[in-house]
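Numbering (our numbering), first residue to last: 1241 to 1408. Below is one structure, written out as C-alpha cells, with a few remarks after it.
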Ligand SMILES: [Zn+2]
C-alpha cells in the first residue's frame, strides 16, 4: 500500500522483542490481547498492518491473519497465515485442545471464571494427598477419573512456579 504503512510497520517491528523466532509486540493490545497500533487515522490490528505492509496488498474484511506459532503478540510475518473468517471459526470450534502452555493456562483461567471451579487448588490437594483415588472421591468429592488424570499430569499439570505449592 502506501509508504506510510511501511513506515508504521517498520517502526512497530523495531519495537518488537525477539522470543525464539517470534517477534513479540510490547505495545498496546485489544481486549483479546492482540497487538494494535495507530495507523494514521485509527488504531488497527498490528497483524493486518504488518501483513499489508509486507505484501503490499489490502486485506478484505473477511480475511483473518492467523499466527502459525499461536503466539497472540507475535508480529513475525513469517508466522502469519491468511485465512477466511469462516474457516477460522470452523478451526476454532474444532480444536478445543490445549496446544501451548500459554493457551492451556488461559483456558484454565477462563474455565475457573465461568464455573467457579478452581482446578489448580483441586490438583494441589490431589497431589499432596497420600490417599487413593477411591478415598479422595469419598472424602473430597473429587471424581476418581479426575484424580487419576491429575496424577498422570494430564489434567491441571503442575506449573514450574516454585511457589505453586504454597499458594493454598
Ligand atoms: Zn511467532
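The C-beta atom is built at its ideal place from N, Cα and C for all residues, glycine as well.
Local conformation of residue i per DSSP, three classes
i: residue 1283; result: strand
i: residue 1265; result: coil
i: residue 1257; result: strand
i: residue 1198; result: Here the chain covers residues 1241 to 1408 and nothing more, so residue 1198 does not appear.
i: residue 1323; result: strand
Neighbourhood of residue i by C-beta, 6 Å cutoff - its chain only, sequence neighbours within 5 removed
i: residue 1325; result: 1302, 1304
i: residue 1307; result: 1314, 1319
i: residue 1363; result: 1390, 1396
8 Å Cβ shell around residue i - same chain, five flanking residues per side excluded
i: residue 1348; result: 1359, 1360, 1396
i: residue 1264; result: 1256, 1257, 1258, 1311, 1313, 1314, 1315
i: residue 1230; result: Past the boundaries of the shown model lies residue 1230; the chain is included only from 1241 to 1408, so the question cannot be answered.
i: residue 1371; result: 1379
i: residue 1191; result: In the structure displayed, the chain extends from 1241 to 1408; residue 1191 sits before or after that span and is not available.
i: residue 1353; result: none
Run of the beta strand (DSSP E) containing residue i, from where it starts to where it stops
i: residue 1306; result: 1303-1307
Residue burial classification, residue i (beta-carbon count within 10 angstroms, cutoff 16)
i: residue 1273; result: exposed
i: residue 1268; result: exposed
i: residue 1286; result: buried
i: residue 1316; result: buried
i: residue 1298; result: exposed
i: residue 1262; result: buried
i: residue 1275; result: buried
i: residue 1288; result: buried
i: residue 1398; result: exposed
Endpoints, alpha helix (DSSP H) assigned at residue i
i: residue 1378; result: 1373-1380
i: residue 1300; result: No alpha helix (DSSP H) holds residue 1300; DSSP gives it neither H nor E.
i: residue 1360; result: 1359-1368
i: residue 1392; result: Here residue 1392 belongs to no alpha helix (DSSP H), and DSSP marks it neither H nor E.
Distance cut-off 7 Å: residue i Cβ against heavy atoms of ligand 2
i: residue 1388; result: Within the structure as shown, ligand 2 is missing, the only ligands being ligand 1.
*Residues proximal to ligand 1 by C-beta, any heavy atom closer than 6 Å*: 1262, 1307, 1309, 1311, 1314, 1316, 1319
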